[in-house]
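In mature numbering (1 follows the signal peptide of the UniProt record, and there is no 0), the protein residues as written are -20 to -1, 1 to 481.
Note that the Cβ used here is the ideal one computed from N, Cα and C, for glycine as well.
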């Protein structure tokens, strides 16, 4: 047994050394590892995209390579290189859409074959379902009417939840509230998450196992909870479409459903696509909102400044009642520079998005970098967001004023920071729901800041560690509980509050 193991190890070492010698210029430098083909895989499994940042901090390379047993990964940490890669015709995200359709949606063989037939040279064609869905999603989430309708519903639900909330773990409250409010706003009165109250737990089991589901190695054993949660979610959404739930849903769901019907897509496959839509809808808003509330309420000076700024945006709601006020969310977005800066700093400090592409053929980037066919390209935002060259000194600390107009300009890096700020990805995979997420997070935060004091049960705020292992979450959630009390505040400057979206 030991002899066999020694032979296998010797062969792996020989292969590794030959690959390493072949990996010189013009390919990016490959990072050596203590155990060939294993150390990097373990690092990624344990620390997710944070592993890439640790290598970047140590090497300061603009691009570097990692060798896994069956895959080469290039990690890009330079904004200019990222821009070139995103525009390059032979480096594409589209093959991953097929992978997600198979492993995360559970698409039928017929659906997968249709999607393959609609691709040319590894990329989606203009008439493909993939391209039509991309255009529909961006269009639906750019519509001010759709946004106003959905955010208005969300605020009504969150307001009701706050009236019945006293104490508990902050992240669990945020996650539960956002899940119900967002899905109500998007899916309407037959929202599957309301029809089956167990579906929320199923979704978080699915989310926790996304990386293992993507690996697709005996998922019923290696990702058991996620595997069966995916089946439960698919069935719930299949019932939703069969029962006409989409007819009273948001404009986004209605538009997607109509397009799918015209193409003859089955209700089961529609349901699978909707399960993946829930990832974009539910996974990143809760941790972003958590960190907004944490950073604001743990800093009394910032809290008071933001209250003054938001109160200045209030308008009278009733001439006869001076205590009735309206908060116009559009005015908050346009006229609250510190509030906006705080939001951007939360995204800079906590976003760990991982834009991904695959190299369709051997590709030269400029004159000195060669990327090999079938390699995966990862572009982690955390490497850029922590770089003082883009965001000025003190990037390891949270600075709510960092993005105030003129601050980065004074440092001479306004243009650099704009190119390097990537909380929502970039290029063809720029998040289509970013405007919806932004309005949702800012609206709920404003509601809490003006109407409540959030008090830590321990008497002081303690910054929790983050959950690093996830590769699919853009904003890293807290790893530990932060227990708080919500206390209604009475401020004559605010009075009774109504929102205008």
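Three-way DSSP call (helix, strand, coil) for residue 148 in this model: Mapped onto the chain shown, residue 148 falls at position 168. Correct three-state label for residue 148: strand.
Through-space distance from residue 276 to residue 235, alpha-carbon basis: As a first step, residue 235 must be located in the chain shown, where it is residue number 255. As a first step, residue 276 must be located in the chain shown, where it is residue number 296. C-alpha separation (whole angstroms): 38 Å.
Contact set for residue 88: own chain, Cβ-Cβ below 6 Å, skip 5 residues either direction: For the purposes of this step, residue 88 is taken as residue 108 along the chain shown, with counting starting at 1. Excluding sequence neighbours, residue 88 sits near 249.
Contact between the stretch 203 to 218 and the stretch 144 to 162 (3+ Cβ pairs under 8 Å): no
Beta-carbon proximity check, residue 404 vs residue 411, cutoff 7 Å: Here the question's residue 404 lines up with position 424 in the chain shown. Here the question's residue 411 lines up with position 431 in the chain shown. Their beta carbons are under 7 Å apart, which means residue 404 touches residue 411 by this criterion.
Residue ranges of each alpha helix (DSSP H) within the stretch 120 to 172, 4 or longer: 124 to 143 and 150 to 167
Check whether residue 294 and residue 305 have beta carbons under 7 Å apart: The residue labelled residue 294 in the question sits at position 314 within the chain shown. The residue labelled residue 305 in the question sits at position 325 within the chain shown. For residue 294 and residue 305, yes; Cβs fall inside 7 Å.
Secondary structure of residue 422, DSSP reduced to three states: For the purposes of this step, residue 422 is taken as residue 442 along the chain shown, with counting starting at 1. Residue state, collapsed to three classes: helix.
Residue 455 vs residue 264 beta-carbon contact at 7 Å: Counting from one through the chain shown, the residue named residue 455 turns up at place 475. Counting from one through the chain shown, the residue named residue 264 turns up at place 284. Their beta carbons are under 7 Å apart, which means residue 455 touches residue 264 by this criterion.
Cβ neighbours of residue 94 in the same chain (closer than 8 Å, five flanking residues each side left out): Within the chain shown, residue 94 is the residue found at index 114, counting from 1. The residues are 109.
For residue 56 and residue 349, the rounded distance between their alpha carbons: Within the chain shown, residue 349 is the residue found at index 369, counting from 1. Within the chain shown, residue 56 is the residue found at index 76, counting from 1. Cα to Cα, residue 349 sits roughly 12 Å from residue 56.
Residue 358, DSSP secondary structure in three states: Numbered from its first residue, the chain shown carries residue 358 at position 378. Looking at residue 358 - three-state DSSP - the assignment turns out to be strand.
Extent of the continuous alpha helix (DSSP H) to which residue 56 belongs: For this step, residue 56 is matched to residue 76 along the chain shown. From DSSP, residue 56 is part of no alpha helix (DSSP H) but of the beta strand (DSSP E) over 52 to 56.
Euclidean distance between Cα positions of residue 321 and residue 365: Along the chain shown, one-based indexing puts residue 321 at 341. Along the chain shown, one-based indexing puts residue 365 at 385. Rounded to the nearest angstrom, the two C-alpha atoms are 14 Å apart.
Cβ-Cβ distance between residue 42 and residue 22 below 7 Å: Sequence index remark: in the chain shown, residue 42 carries index 62 (1-based). Sequence index remark: in the chain shown, residue 22 carries index 42 (1-based). Contact flag unset, no.
Collapsed DSSP secondary structure at residue 250 in the structure displayed: On the chain shown, position 270 is the one that residue 250 refers to. In this structure, residue 250 counts as helix in the three-state DSSP scheme.
Which of helix, strand or coil DSSP assigns to residue 375: Within the chain shown, numbered from 1, the residue matching residue 375 stands at position 395. Reduced to three states, the DSSP call for residue 375 is coil.
Where the alpha helix (DSSP H) containing residue 343 begins and where it ends: In the chain shown, the residue the question calls residue 343 occupies position 363. From DSSP, residue 343 is part of no alpha helix (DSSP H) but of the beta strand (DSSP E) over 343 to 345.
Among 256, 314, 418 and 240, the one whose alpha carbon lies nearest that of residue 326: Position 346 of the chain shown, counting from 1, holds the residue named residue 326. Per the Cα distances, 418.
Cβ contact check for the stretch 63 to 82 and the stretch 372 to 385: 3 or more pairs under 8 Å: no
Distance between residue 432 and residue 34 (C-alpha atoms, nearest Å): The residue you call residue 34 lines up with position 54 of the chain shown. The residue you call residue 432 lines up with position 452 of the chain shown. Cα to Cα, residue 34 sits roughly 38 Å from residue 432.
Alpha helix (DSSP H) segments (min. 4 residues) lying fully within the stretch 209 to 260: 231 to 242
Beta-carbon contacts of residue 210 that lie in its chain and below 8 Å, excluding the five residues immediately before and after: As a working note, residue 210 is residue 230 in the chain shown. Taken in chain order, the residues that qualify are 84, 86, 186, 193 and 255.
Alpha-carbon spacing of residue 96 relative to residue 226, whole angstroms: In the chain shown, the residue the question calls residue 96 occupies position 116. In the chain shown, the residue the question calls residue 226 occupies position 246. Cα to Cα, the separation comes out at about 27 Å.
Alpha carbon of residue 335 to alpha carbon of residue 428, nearest angstrom: Within the chain shown, numbered from 1, the residue matching residue 335 stands at position 355. Within the chain shown, numbered from 1, the residue matching residue 428 stands at position 448. Looking at the two C-alpha atoms, the distance is approximately 32 Å.
One or two residues paired with residue 483 in a DSSP bridge: Limits of the chain in this structure are -20 at one end and 481 at the other, which puts residue 483 out of reach.
Status (buried if at least 16 other CB within 10 Å, exposed otherwise) for residue 115: Stepping through the chain shown from its first residue, residue 115 is reached at position 135. When all chains shown are included, residue 115 counts as exposed.
Limits of the unbroken beta strand (DSSP E) element including residue 455: Within the chain shown, numbered from 1, the residue matching residue 455 stands at position 475. Note, residue 455: premise wrong, no beta strand (DSSP E); not H, not E.
Three-state secondary structure assigned by DSSP to residue 482: No statement about residue 482 is possible, as the shown extent of the chain runs from -20 to 481 and does not include it.
Under 7 Å between C-beta atoms of residue 444 and residue 460: As a position in the chain shown, residue 444 is number 464, starting the count at 1. As a position in the chain shown, residue 460 is number 480, starting the count at 1. The answer is yes: Cβ separation under 7 Å.
Burial state of residue 376, where buried means 16 or more other Cβ atoms lie within 10 Å: Counting from 1 along the chain shown, the entry for residue 376 is found at position 396. Looking at its Cβ environment, which holds fewer than 16 other Cβ atoms inside 10 Å, residue 376 is exposed.
Whether residue 416 touches residue 127 by CB criterion (7 Å): Along the chain shown, read from residue 1 onward, the residue named residue 416 stands at position 436. Along the chain shown, read from residue 1 onward, the residue named residue 127 stands at position 147. Yes, the Cβ-Cβ distance between residue 416 and residue 127 is below 7 Å.
Candidates 311, 372, 333 and 373: closest to residue 358 by CA position: Here residue 358 refers to the residue found at position 378 when the chain shown is read from its first residue. It is 333.
Beta strand (DSSP E) runs contained entirely in the stretch 425 to 449, provided each spans 3 or more residues: 432 to 436
Reduced DSSP secondary structure (H/G/I, E/B, other) of residue 105: Translated into positions along the chain shown, residue 105 becomes position 125. It is coil, neither helix nor strand.
Where residue 13 falls: helix, strand or coil (DSSP): Here residue 13 corresponds to residue number 33 of the chain shown, with the count starting at 1. Correct three-state label for residue 13: coil.
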